[in-house]
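Now the structure itself:
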């Protein structure tokens with residue numbers, strides 16, 4: 413087996429290490445940006461969910477108010493019907509039919 417001699421250029425080795433460090437730092441920055449983006453997305457999803465929930469709650473409140481208005485209107489109609497029936501009965505009882 414032959415002996416292999418490796419000649420190391422210290423400057424080239426340091427330069428390569430420096431480039432590797434820069435790549436590692438760039439990768440770390442990228443990881444950090446991805447993490448920040450995930451956090452922002454999570455916050456956005458939370459805000460969107462909250463807004464959707466608020467919208468649905470407001471819609472339910474509007475529907476409840478509409479239901480109340482319909483019930484009041486229905487009551488007014490029933491009251492008017494009762495008044496018309498009473499008026500008709502009074503008018504009918506005061507009519508004399510001659511044969």
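In our numbering, the protein residues as written are 413 to 511.
From the three backbone atoms N, C-alpha and C, an ideal C-beta is built for every residue, glycine too.
Can you grab the Cα-Cα spacing for the pair residue i / residue j, in whole Å?
| i | j | result |
| --- | --- | --- |
| residue 489 | residue 496 | 10 Å |
| residue 448 | residue 429 | 28 Å |
| residue 510 | residue 493 | 29 Å |
| residue 421 | residue 427 | 10 Å |
| residue 479 | residue 502 | 34 Å |
| residue 456 | residue 465 | 14 Å |
Taking only three categories from DSSP, how would you classify residue i?
| i | result |
| --- | --- |
| residue 462 | helix |
| residue 451 | helix |
| residue 484 | helix |
| residue 507 | coil |
| residue 441 | helix |
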